[in-house]
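Okay, so here's the structure we're looking at.
2 protein chains.
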Amino acid sequence: MENNLLDYQESLKHALSQRDEIEKTVKELLKRDIKNVIFAGCGGSLAIMFSCEYIMRQNSSIPAFAYNAGEFNKLCPKLLGKNSLLITASYSGTTPETNEAVQIAKEKGAATIGFTGKADSPLSKNVDYVFLNNAKTGATNANLIMLYEIIFSIMRELDGFEKYDAVMQALDTLPDNLAEVKKLAEEKAENFANEYKDETKFLTIGAGLSWGEAYAYAICILEEMQWLYAQPVHAGEYFHGPFEIVDENANLIILKGEDFGRPLVERVIDFSQKYTKRLVILDTKDYPLPGVDEEMRGYLTPFALSAALDKYSEKLAEIRNHPLSIRRYMGKVPY
Amino acid sequence: MENNLLDYQESLKHALSQRDEIEKTVKELLKRDIKNVIFAGCGGSLAIMFSCEYIMRQNSSIPAFAYNAGEFNKLCPKLLGKNSLLITASYSGTTPETNEAVQIAKEKGAATIGFTGKADSPLSKNVDYVFLNNAKTGATNANLIMLYEIIFSIMRELDGFEKYDAVMQALDTLPDNLAEVKKLAEEKAENFANEYKDETKFLTIGAGLSWGEAYAYAICILEEMQWLYAQPVHAGEYFHGPFEIVDENANLIILKGEDFGRPLVERVIDFSQKYTKRLVILDTKDYPLPGVDEEMRGYLTPFALSAALDKYSEKLAEIRNHPLSIRRYMGKVPY
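So this is what it looks like as structure tokens:
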């Protein structure tokens, strides 16, 4: 466990150490007159891109689009061309859809960046610029640090985004702060696991920068790693359908960040607590994150939630005696 | 029932009859130099916009974005401005998030279009251009016809989209063809209801132009109207998490269109039928749609699926003795 935490911190530090290289790459890229940014990934790699899409939509005058890579390949957006930047991620570097997306983008003359854990993977070889994470396990937060370095760097250059240094300074606190989040989350995670160990159906709820975490926690953790039904529900959509299934037996895992999505999530909580007691609320405000400017806390939403949720996953897997590494199909049978 | 079908056809014909007015409106709008199109809606109204977003992404050189209206309001995209067109829909015309979206867009100088069933609703009064559907019940397909008329009209003007007439001619067949789809779906829908009446958990799966239907069927029908757990899963994401919960007891409702999403959906079927027999596959190819050019069938994917699914909903509600009109909260309690 202690070793895991050190590995985790190392992977974050490694991501932070790529900043100079990323800034240099972005300056070089922007000589190509980038007019749109396309993110393509699958599952957990896509989920972290949702936050990047939101941040760019809010702050940038160039359009940003996040796609499931398989869908991107079949859709082949008309805007894809020599003024596009495709940003991809795949931990193994072998995800076929992601590698195909890179091929398609290159054929159209787009610039390509890839994040992967493997230097000698197909993805590393295919993209114009590769950034490696040296994470031994899940690389999500390390990748997200580098994604932030890229998008904020683009926005600094193209949109005169003034808070670049403040965002970077906030990211620099993550190796210490996220380790602390994990410690602080330990007891709540334990309580969660005890209380919910026999449940088989969940809704996970988020909006804005907590949406990607709600999405990933449902499909990549509860479904993929625990074989439990878990539906990710966007807080803005909750009142237009899903809330009708909520009664005293519903189990809601609600993710509350400090970004623009917060009021949408608060509305879900205000309503739902009248009808079920089975609300698990993770609020980034519960974590002090020392050294982070108040105004920057919103951007750290996905990091803090992901670090806390790691503990929830760990404790749930332990008490259910269902290790997070077990798969029925993934990597075991052809598909 | 016969009356319902006539009402349904009338609402489609009414939507088709708006074409001249819509073409005129688009020509007028484009004098404003529209540089991006934003769709904002909630639940079922948002779901049909997903198809429009996809079609524009594939065929248009101006960016298109579909947002949950509540999220749009909090995000307030930087690209929103006097060169934006906001397209909204709300059957009642009273959805607060949607009306707020219109206010925000107008403050930023954007042009606004609204679809609603009520001439004297707030939405009707707020938007620059209103188009009424005269549907007595669900207005989804009528709204989608008008949405298609708008986006294809925009693409004809801005992108030289050459198949405008062919698309419009395909839409003209819908009053007859969708009535026929409903008849043809009747027996399959009956079998579905018999077989699945006691199930409480579903996955609905789609991609491309079937994705909006998969999304809406899960959240607006199975959850909102039948109080059953139903998770919409994008076919491209299925293999990156959700498929791990699939065993012989999983219930999959799989929507197969004839657009770019088809191969993604086929992959889900090829895999899943090895592990569960409980696959309900709706394939638009099962419906002849006479008079529709082969190349245009893809665009009709959401219409054909929606018409067929109407029957599935009707039969399921009947056999479960749970009318589609019953709500726990919607329109009953404050939220």
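For the protein sequence lines, the chains are A and B, in the order given.
The first sequence runs 804 to 1138 under the working numbering.
The second sequence runs 804 to 1138 under the working numbering.
Ideal Cβ placement from N, Cα and C applies to all residues, glycine included.
Item	Value
Touch test, the region 864-883 of chain A against the region 1036-1050 of chain B, Cβ-Cβ under 8 Å, three pairs minimum	yes
Classification of Ala892(B) by the beta-carbon crowding that lies within 10 angstroms, buried from 16 upward	buried
Contacts of Asn862(B) in chain A (Cβ-Cβ under 9 Å)	Lys881
The region 977-990 of chain B contacting the region 830-848 of chain B, beta-carbon criterion three pairs below 8 Å	no
Beta-bridge pairing of Phe1005(B) - partner residues as DSSP gives them	Ala1033(B)
Leu1055(A), enclosing beta strand (DSSP E) - first and last residue	1055-1059
Short Cβ contact (9 Å threshold) for Gly818(B) with Ile1022(B)	Gly is not the amino acid found at residue 818(B); the sequence shown has Ala there. No, these two residues do not count as a Cβ contact at 9 Å.
Chain B contact for Phe955(A) (CB, 9 Å cutoff)	no
Among Leu1025(A), Leu1082(A), Met1028(A), the one whose alpha carbon lies nearest that of Asp1050(A)	Leu1082(A)
Per-residue burial, Thr897(B) [other beta carbons within 10 Å of its own, 16 or more giving buried]	exposed
DSSP bridge partner residues for Val829(B) (one or two, in chain order)	Paired residues: none, contrary to the question.
Asp1086(B) - DSSP class collapsed to helix/strand/coil	strand
Sequence ranges, beta strand (DSSP E) only - wholly within the region 966-1015 of chain B, length at least 3	1004-1009
Chain B contact for Pro1126(A) (CB, 9 Å cutoff)	no
Proximity test, Cβ basis, 9 Å: Lys1004(B) and chain A	yes
Between the CA atoms of Ala996(A) and Leu1012(A) - distance to the nearest angstrom	25 Å
Any C-beta of chain B under 9 Å from that of His817(A)	no
Proximal residues, the region 1038-1059 of chain A versus chain B, C-beta separation under 7 Å	Gly1039, Glu1040, Phe1042, His1043, Gly1044, Pro1045, Phe1046, Glu1047, Ile1048
Given Phe842(A) as reference, the closest of Ala1033(A), Ser854(A), Gly1060(A) once Cα atoms are compared	Ser854(A)
Residue from Pro1137(B), Met1099(B), Ala908(B), Asn1124(B) whose Cα sits closest to the Cα of Ala1029(B)	For the sequence presented, residue 1029(B) should be read as Gln rather than Ala. Closest option to Gln1029(B), Cα to Cα, is Asn1124(B).
Chain A contact for Leu849(B) (CB, 9 Å cutoff)	yes
Test: Gln1034(A) CB closer than 9 Å to a CB of chain B	yes
Distance between Glu1061(A) and Arg1100(A) (C-alpha atoms, nearest Å)	6 Å
Stretch-stretch touch, CB-based, cutoff 8 Å, three pairs: the region 1057-1075 of chain A with the region 1042-1049 of chain A	yes
Min CB distance Gly846(B) to chain A below 9 Å	yes
Backbone secondary structure at Ser887(A) - three-state DSSP	strand
Reference Lys1114(A), options Asp836(A), Ala992(A), Ala973(A), closest by Cα	Ala992(A)
Nearest neighbour of Phe1005(B), chosen from Leu832(A), Ile1048(A), Ile1008(A), Lys1000(A) [CA to CA]	Ile1048(A)
Neighbour flag for Cys1023(A) against chain B, beta carbons, 9 Å	yes
Proximity test, Cβ basis, 9 Å: Met1133(A) and chain B	yes
Span of the alpha helix (DSSP H) around Val930(A)	Val930(A) -> no alpha helix (DSSP H), and no H or E assigned at all.
Rounded C-alpha distance that separates Leu1103(B) from Ala1120(A)	45 Å
Asn862(A): first and last residue of the uninterrupted alpha helix (DSSP H) it sits in	847-862
Chain B within 9 Å of Phe868(A), Cβ atoms only	yes
Rounded C-alpha distance that separates Asn937(A) from Glu1097(A)	30 Å
Minimum Cβ-Cβ distance from Phe934(A) to chain B less than 9 Å	no
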